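Taken in sequence, the protein lines are chains A and B.
Under my numbering, the residue at position 16 of the first sequence is numbered 71, and the numbers go up by one with no gaps.
Under my numbering, the residue at position 202 of the second sequence is numbered 257, and the numbers go up by one with no gaps.
Note that the Cβ used here is the ideal one computed from N, Cα and C, for glycine as well.
As the structure is a computational prediction, the values presented were derived from the model and not from experiment.
Below: one structure, written as structure tokens.
2 protein chains.
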Amino acid sequence: MNQILLVEDDPSLGESLKSFLVKEGFNIDWVQQLSEARKRDLMDYSLVILDWMLPDGQGIDFLKEIKEKNIGIPVLMLTARVDLIDKVLGLESGANDYLTKPFEPRELLARVRVQMRTSHKIEEITLLEFSELRINLERREVLLQESAVEMTKMEFNLLTLLAGSPGRAFSREEILNKVWGFESYPSTRTVDTHILQLRQKIGDNYFQTIRGIGYKFNA
Amino acid sequence: MNQILLVEDDPSLGESLKSFLVKEGFNIDWVQQLSEARKRDLMDYSLVILDWMLPDGQGIDFLKEIKEKNIGIPVLMLTARVDLIDKVLGLESGANDYLTKPFEPRELLARVRVQMRTSHKIEEITLLEFSELRINLERREVLLQESAVEMTKMEFNLLTLLAGSPGRAFSREEILNKVWGFESYPSTRTVDTHILQLRQKIGDNYFQTIRGIGYKFNA
DNA sequence: AAAATATTGACACTCCACTGACAAAAAAAG
DNA sequence: CTTTTTTTGTCAGTGGAGTGTCAATATTTT
Numbered sequence: 056m057n058q059i060l061l062v063e064d065d066p067s068l069g070e071s072l073k074s075f076l077v078k079e080g081f082n083i084d085w086v087q088q089l090s091e092a093r094k095r096d097l098m099d100y101s102l103v104i105l106d107w108m109l110p111d112g113q114g115i116d117f118l119k120e121i122k123e124k125n126i127g128i129p130v131l132m133l134t135a136r137v138d139l140i141d142k143v144l145g146l147e148s149g150a151n152d153y154l155t156k157p158f159e160p161r162e163l164l165a166r167v168r169v170q171m172r173t174s175h176k177i178e179e180i181t182l183l184e185f186s187e188l189r190i191n192l193e194r195r196e197v198l199l200q201e202s203a204v205e206m207t208k209m210e211f212n213l214l215t216l217l218a219g220s221p222g223r224a225f226s227r228e229e230i231l232n233k234v235w236g237f238e239s240y241p242s243t244r245t246v247d248t249h250i251l252q253l254r255q256k257i258g259d260n261y262f263q264t265i266r267g268i269g270y271k272f273n274a
Numbered sequence: 056m057n058q059i060l061l062v063e064d065d066p067s068l069g070e071s072l073k074s075f076l077v078k079e080g081f082n083i084d085w086v087q088q089l090s091e092a093r094k095r096d097l098m099d100y101s102l103v104i105l106d107w108m109l110p111d112g113q114g115i116d117f118l119k120e121i122k123e124k125n126i127g128i129p130v131l132m133l134t135a136r137v138d139l140i141d142k143v144l145g146l147e148s149g150a151n152d153y154l155t156k157p158f159e160p161r162e163l164l165a166r167v168r169v170q171m172r173t174s175h176k177i178e179e180i181t182l183l184e185f186s187e188l189r190i191n192l193e194r195r196e197v198l199l200q201e202s203a204v205e206m207t208k209m210e211f212n213l214l215t216l217l218a219g220s221p222g223r224a225f226s227r228e229e230i231l232n233k234v235w236g237f238e239s240y241p242s243t244r245t246v247d248t249h250i251l252q253l254r255q256k257i258g259d260n261y262f263q264t265i266r267g268i269g270y271k272f273n274a
């Protein structure tokens, strides 16, 4: 789990950063546009390195999207500007760290390691366990009474969102935002269908309908 | 909850940092020596701001001690040196962030907030508690004397509006605007009906009629 | 290409938000 | 105090919104 999503439009900087970090043992997925970055499933990464200015939008907008999803993935922002305002704005928007260009690769490396280190602590919660149900976030596996249950991508993401906060009520909109993301807007009925799938796979009891709102997971 | 241990030997810098952070709502415990800092119980704090050089030892030594204890408290290092080596060394030794003097107070503030945010999740007000009644906004649950009371969507919304400001009088129009929204305009009698439902479910005492106006919630 | 998955739309069914009517209570008027 | 007027309490019936379900279509993956 040392996968990093690098969002940087400058080809030469991106290339050198990638090769530098790869040498240090990280797995780098380098994209040059926000539109590309939005297609990625953030669950697959343990850190996002995000440029401030990008051809198709502000990096800070993407940052806000990430933080609203509340996945807990750390974000390290890069900027060419020396403006303190930008710096503060970035950090207050939820960035975990900030680096001003030009910077030394070794400082970047150090700060990357800090983020990996601190986020790894949160990653300790890779198991959600209930009476008959066990969800392994790291392996993306679901066990029902010791036997594996196959889950599709959306099913698994939906399940972990709900099961990650048992008892908490989720509105359909919140679910769409956090599981599907901002760029795709399926109808709210899509949520129902996937809930149906989950109910069929692991039983009705876990999922409680909250009429007019959405659903909640009961342990 | 927002207690910060500031370890800084320079009197003028320490004083100005302390007053600045106090103004921002933090509780600052400022010590000028490592020996003083070591006497403190780190459990009492949610962040340590640590100078690199101190009269009775290196700040980085204290940093290592903290990290070896594995308490999980974040540390923000300060240094007068511009040496990249120091920076990297500090971060690799377990510091969560790093600032090189001179720095802007606002940048310090932003980085402090980042640390506070990631370490201590600020608990949101999701509970309304009264003598026999507990309302959990997150779970959308209502407990009356420890036993759950089923609520429909409108009932729950109405209850939380009134119970959110106990003693405050709400006119029917205000209630309609805030619970039902602007687009739908049911008659004001609808409010009465829902108040009736609530009275039947959790007792008459909580809801007081204000003739000619509307209702208020009494704790 | 085929297979797996995601999404939409349709239908039936349930439930509850809302209305309207009347009773009861309070306030105002006489 | 009595009567009239206004406001609120109460309840049952109904229409419509919300949901479960499944099949059909679109999309992605293999």
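Under a Cβ-count criterion, where at least 16 other Cβ atoms within 10 Å of its own Cβ denotes burial, should residue i be classed as buried or exposed?
i                      : result
residue 271 of chain A : buried
residue 182 of chain B : exposed
residue 225 of chain B : buried
residue 170 of chain B : buried
residue 165 of chain B : buried
residue 109 of chain B : buried
residue 153 of chain B : buried
residue 53 of chain B  : Since the first residue of chain B shown is 56 and the last is 274, residue 53 of chain B is not available in this structure.
residue 71 of chain A  : exposed
residue 240 of chain B : exposed
residue 101 of chain A : buried
residue 77 of chain A  : exposed
residue 248 of chain A : exposed
residue 177 of chain B : Low confidence applies here, because residue 177 of chain B scores a pLDDT of 43, under 50, leaving its location unreliable and the question unanswered by this model.
With 8 Å as the threshold, decide whether the Cβ of residue i is near any Cβ in chain B.
i                      : result
residue 263 of chain A : no
residue 259 of chain A : no
residue 130 of chain A : no
residue 173 of chain A : yes
residue 115 of chain A : no
residue 266 of chain A : yes
Who does residue i pair with in a DSSP beta bridge?
i                      : result
residue 202 of chain A : A:199
residue 133 of chain A : A:106, A:154
residue 85 of chain A  : A:61
residue 255 of chain B : Residue 255 of chain B is not bridged to any residue.
residue 281 of chain B : It is not possible to answer for residue 281 of chain B, since the shown part of chain B is limited to 56 through 274.
Does DSSP put residue i in a helix, in a strand, or in coil?
i                      : result
residue 274 of chain A : coil
residue 32 of chain B  : This structure leaves residue 32 of chain B out entirely; chain B is present only between 56 and 274.
residue 262 of chain B : strand
residue 244 of chain A : helix
residue 161 of chain A : helix
residue 227 of chain B : helix
residue 184 of chain A : strand
residue 126 of chain B : coil
residue 189 of chain A : strand
residue 114 of chain B : helix
residue 219 of chain B : helix
residue 269 of chain B : strand
residue 173 of chain A : helix
residue 101 of chain B : coil
residue 71 of chain B  : helix
residue 120 of chain A : helix
residue 210 of chain A : helix
residue 194 of chain B : coil
Taking only beta-carbon atoms, is residue i less than 8 Å away from chain A?
i                      : result
residue 189 of chain B : no
residue 193 of chain B : yes
residue 169 of chain B : yes
residue 119 of chain B : no
residue 208 of chain B : yes
Is the beta carbon of residue i within less than 7 Å of some heavy atom of the ligand NAP?
i                      : result
residue 125 of chain B : Questions concerning the ligand NAP fall outside what the structure shown contains, since it holds no ligand whatsoever.
Members of the stretch 143–165 of chain B that neighbour chain A once the beta carbon cut-off is set at 9 Å: 143, 144, 145, 146, 147, 149, 150, 151, 152, 153, 159, 161, 162, 164, 165
Exercise for the section: Select from the stretch 218–231 of chain A all residues with a C-beta closer than 7 Å to any C-beta belonging to chain B, and list them in chain order. Expected result: 222, 223, 224
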